[in-house]
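One structure below.
Residue numbers (my numbering): -7 to 109.
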């Protein structure tokens, strides 16, 4: 049962932009801190950005000033706007939901982002 559904990945040239979306149910979205993580080939999964229900955000240093995480609480959807993309941003991007009321974090299936130089 897929609880987090991602979309928006693809191939883009360096310097370009993409927007990722992750939709879920209201029962999950209303209690979760939502986040985006990524995993490049041969590397560990790493935090990209998180956003709490009322909008507090946290970013990895590598994406600050280029990426923006946001959430639409009416649509139960979290977004990741990625600008000024670099080749090192190439990875599979995963949506994540977690919080005190989650026994384990929830993960989406992942969406590939490829930045060509």
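Cβ coordinates follow ideal geometry from the N, Cα and C atoms, glycine included. Note that the coordinates shown come from a computational prediction; the quantities given were computed from them, not determined experimentally.
- Item | Beta-carbon separation (whole angstroms), residue 89 vs residue 42, contact threshold 8 Å | Not really, about 10 Å apart at Cβ, beyond 8 Å.
- If we ignore side chains and look at the alpha-carbon of each, how far apart do residue 40 and residue 18 end up? Residue 40 and residue 18 have their C-alpha atoms some 23 Å from each other.
- Message: Only counting the same chain, and skipping five residues up and downstream in sequence, which positions put a Cβ closer than 7 Å to that of residue 93?
- Response: 23
- Item | Nearest neighbour of residue 70, chosen from 54, 36, 95, 87 [CA to CA] | 87
- Using only alpha-carbon positions, find the residue among -7, -5, 2 that is nearest to residue 85. Checking every option, the nearest Cα to that of residue 85 belongs to 2.
- Rounded distance between the beta-carbons of residue 91 and residue 119, thought under 8 Å: Outside the shown range of the chain (-7 to 109) lies residue 119, about which nothing can therefore be said.
- Query: Under the DSSP definition of a beta bridge, which residues are partnered with residue -2?
  - Reply: 14
- Which one or two residues does DSSP pair with residue 31 in a beta bridge? As a beta-bridge residue in DSSP terms, residue 31 pairs with 84.
- Message: Need the endpoints of the beta strand (DSSP E) that residue 61 sits in, please.
- Response: 59 to 64
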